[in-house]
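Take 358 as the starting number for the sequence shown in our numbering and just add one per residue.
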Amino acid sequence: MSRPLRLLIVLAVGAGLVAVAVARFGSDTRPSTQAAAAAPQEPGPAFVGLAAPELIALPGPELERTLDEQLRLGIGLVRQTFDWTQIEPALGRYEFGSYDTLMAALAERGLEMLPVLFNPPPFRSSRPTRGAREGTYPPRRYADMGTFAAALVRRYGPDGSFWCERPDLRKTPIRSWQVWNEPNLPAYWPDGPDPAAYGRLLGATARAIRRADPQANVVGAGIPQSRIGVPFDRYVDDLYRASGRPAFDVFAVHAYAGDTAGMIAAVTRARTLMDRQGDHRPIWVTEIGWASGGPPSSFTVGPRGQARRVFAAITELAERARELRLRGFVYATWRDGGVYEGGADFWGLHTGLLSIAGAPKPAYYAFEQAARRVPRLMAGR
């Protein structure tokens, strides 16, 4: 795996502490969608999701084996960064090769995809040529991200060219699109986190997505409660204040915490803030996780502690899905990661269900046991 991709994976997995995401900014032009969004999530395999950043780089046979194992584990959805830099290597030229491979493998298994739109190429980025800070800059022109998103919808959406080219596949189009990652952290908005600016980026992207697929769901970027960023409550309040009624379909939460109670508290806090705004749209917990090892942190809990928290978190999220209006959850991640060149070890590299060598941890079996119970728990049985 190249250093840029490994760096992107590390950033996408480990920067947040307790992240909560917001999405759909702009005018709400679809009352029927709003009504559907407020409805509780029905039991289904896509409620159980997994982040596995390495999938995009795996050779075909290894990708097939890995997805088969994840399917047996009980997942119904994969969350994957759609790296803009990789997909648009030159101005206006899109290369979908590795993403086509992954989408085909998911479709063969009936697995859904939640893409994260992120990391503009240098010729689209607002990153200055001099004096740039460390991190991923948003695009210089927000409309460019809308153009990128629309190209992806035309490729993988319900009428996408990919499905026309592959009539042999079980059609499993992408219907939900997550825009950016943790914009209240300097790592993902290096000029200084700005809720109004993120609202404009999301609004431009959402409008383009909906023009290409009027029934698509726009999911917001994870907004963490972090000592190094803008506090969650303030960022979300400013986001609503700047955008009026934000244009998201699903409010996404990265509910990292030291234990399950803290994780549920983060989700409940998001629900409370939304309800105060009169906003009853669903929440998607698009990242949770605990580290089995690595440097000491609030999230480093040992192998058995990781397993206990994974089992309890999945169980409680399923039991409270209707109360909290949950769309689903995503565990981050599938496998431990190595320290990239020039980087440092941290807890986010140790949240995998597998060790870096590929051996199942106790959390692997805890995840499997809990995932099997999700439909019954969500149905209240």
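A virtual CB, placed ideally from N, CA and C, is assigned to each residue, including glycine.
When DSSP labels each residue in this structure, what does residue i get in the three-state scheme?
i: D440; result: strand
i: S349; result: Any question about residue 349 goes unanswered here, given that the chain covers just 358 to 738.
i: R665; result: helix
i: L658; result: In the sequence as displayed, the identity of residue 658 is Val instead of Leu. Three-state result, V658: coil.
i: S583; result: coil
i: Q535; result: strand
i: L415; result: coil
i: D526; result: Sequence inspection shows Leu at residue 526; the Asp mentioned does not correspond to that position. The answer is coil: DSSP assigns L526 none of H, G, I, E or B.
i: W691; result: coil
i: G431; result: coil
i: W647; result: coil
i: F686; result: strand
i: S609; result: It is worth fixing the name first, because residue 609 is Ala in this sequence and not Ser. A609 falls in the strand class under three-state DSSP.
i: A544; result: coil
i: L710; result: coil
i: A578; result: strand
i: G514; result: coil
i: A408; result: strand
i: V642; result: strand
i: P717; result: strand
i: G615; result: coil
i: F519; result: helix
i: D594; result: helix
i: A728; result: helix
i: F703; result: coil
i: Y722; result: helix
i: A736; result: coil
i: V696; result: coil
i: G560; result: helix
i: R677; result: coil
i: A573; result: coil
i: D636; result: coil
i: D425; result: helix
i: P588; result: coil
i: P552; result: helix
Tell whether a beta-carbon distance below 7 Å holds between residue i and residue j.
i: V624; j: N574; result: no
i: A609; j: W647; result: no
i: A561; j: Y499; result: yes
i: G431; j: R729; result: yes
i: A604; j: I645; result: no
i: G685; j: F404; result: yes
i: A678; j: M631; result: no
i: I580; j: N541; result: yes
i: V687; j: G406; result: yes
i: A727; j: T672; result: yes
i: W704; j: S654; result: yes
i: R523; j: F453; result: no
i: P547; j: R490; result: yes
i: S312; j: L471; result: Within the shown structure, residues of the chain are numbered from 358 to 738, placing residue 312 beyond reach of any answer.
i: F724; j: L711; result: no
i: A675; j: V731; result: yes
i: R481; j: D501; result: yes
i: R557; j: T617; result: no
Kindly give me the distance between the Cβ atoms of residue i and residue j, rounded to whole angstroms, as I take these residues to be in contact under 8 Å.
i: F505; j: V473; result: With 8 Å as the limit, F505 and V473 do not qualify as a contact, their Cβ atoms being about 12 Å apart.
i: Q437; j: W691; result: Incorrect: roughly 11 Å between the Cβ atoms, too far for contact.
i: D570; j: V510; result: 5 Å
i: Y335; j: Q634; result: Residue 335 cannot be examined here, being either before or after the span of the chain that is shown, 358 to 738.
i: A599; j: P552; result: 5 Å
i: H637; j: R682; result: 7 Å
i: P652; j: D693; result: Rounded, the Cβ-Cβ distance is 13 Å, inconsistent with contact.
i: R568; j: A507; result: 7 Å
i: P639; j: I585; result: That pair is no contact at about 28 Å.
i: I713; j: G695; result: 6 Å
i: Q535; j: T643; result: 7 Å
Under 6 Å from any heavy atom of the ligand ATP, does the C-beta of residue i make it?
i: A716; result: Absence of the ligand ATP is noted for the structure shown, with no ligands found whatsoever.
Contact between the stretch 439-454 and the stretch 402-411 is defined here as three or more beta-carbon pairs at a separation below 8 Å; is this criterion met?
Touching, no, given that fewer than three Cβ pairs across the two stretches are closer than 8 Å.
Any 3 or more C-beta pairs closer than 8 Å across the stretch 522-532 and the stretch 587-600
The stretch 522-532 makes no contact with the stretch 587-600: fewer than 3 CB pairs, one atom from each, lie closer than 8 Å.
For the stretch 436-510, which segments carrying the beta strand (DSSP E) assignment without a break, of at least 3 residues, lie completely within its bounds, in sequence order?
If one requires a minimum length of 3 residues, the beta strand (DSSP E) runs lying completely within the stretch 436-510 are 469-475, in chain order.
Is the stretch 493-502 in contact with the stretch 451-471, if contact means three or more CB pairs nearer than 8 Å?
Cβ pair count under 8 Å is below three, so no.
I want to know whether the stretch 717-728 touches the stretch 656-670 - three or more CB-CB distances under 8 Å.
The stretch 717-728 makes contact with the stretch 656-670; the number of CB pairs closer than 8 Å reaches 3 or more.
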